[in-house]
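J.:
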Amino acid sequence: MSPVRLVPWFVHAAIEYAAGVFFVLAPFVFDFRDEPAFPVFIAVGVVVLAVALLSRGPAGVVDVLPPKVHAALDYLLGFFLILAPFLFGFDEVETALRLSVFIGVAHIVLTLVTAFPLDAEPADGAGVGRSDRSPGSGAPSP
């Protein structure tokens with residue numbers, strides 16, 4: 111998932127919560143409430159917060175999304191943010207254009223350098239103890 115693992119996953123999660131709030135507030139702070147960027151930024155903020163809340167990780171609340179799915183959604187979101195100004199017609203709104211492209215690139219880079227867990231086990235260790243069973247039998251091995 112991540113070729114370079116420099117950023118701990120809990121830092122990634124904290125950044126995502128901050129980014130989600132930032133996206134919801136950005137149209138008001140940077141005054142582009144009447145532009146096509148407004149619903150895009152609000153939707154992206156909600157999606158970022160939802161992914162953070164639903165992820166199996168240090169800051170996830172519901173523990174539904176495995177790390178691989180979380181990372182895949184992060185990459186998709188980053189590319190979406192880079193393309194959004196051109197797809198939704200706010201490439202003329204300089205502030206929204208710059209924010210969207212810059213944060214899209216930053217999100218991809220953050221995901222590339224995040225130390226996501228490599229195994230498929232839940233972050234809370236709920237899968238511990240599975241190795242003491244023999245394959246296919248469901249019974250503890252001698």
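For the sequence shown, the numbering used here assigns the number 111 to the initial residue and increments by one for each residue that follows.
All residues carry an ideal CB built from backbone N, CA and C; glycine is no exception.
Since the model is a prediction, treat every value here as computed from it, not as a measurement.
Residues bridged to Ala225 by DSSP?
T.: Answer is Pro118.
J.: Comparing alpha-carbon positions, which option in Phe120, Ala124, Ala123 and Ala153 lies nearest Leu135?
T.: Of Phe120, Ala124, Ala123 and Ala153, the residue nearest in Cα terms is Ala153.
J.: Pop quiz: Gly133 and Phe151 are said to be a contact at Cβ under 8 Å. What is the actual Cβ separation, rounded to whole angstroms?
T.: Correcting the residue type first, residue 133 is Phe in the shown sequence and not Gly. Right, the Cβ-Cβ distance comes to about 5 Å (below 8 Å), so this counts as a contact.
J.: When you compare each of Val156, Phe142, Leu183 and Ile218 to Tyr127 by their alpha carbons, which one comes out closest?
T.: Checked all of Val156, Phe142, Leu183 and Ile218; the closest Cα to Tyr127 is Val156.
J.: Report yes if the CB atom of Ala51 is closer than 8 Å to the CB atom of Ala169, and no otherwise.
T.: Since the first residue shown for the chain is 111 and the last is 252, residue 51 is missing from the structure and cannot be characterised.
J.: Taking its Cβ as the centre, do 16 or more other Cβ atoms sit within 10 Å of Val139, making it buried, or is it exposed?
T.: So Val139 counts as exposed.
J.: Measure the CB-CB distance between Ile218 and Gly188 and report whether it falls below 8 Å.
T.: Yes, they are a contact pair.
J.: Should Pro177 be flagged as near chain D, meaning a C-beta pair shorter than 8 Å?
T.: Any reference to chain D falls outside this structure, which holds one protein chain only.
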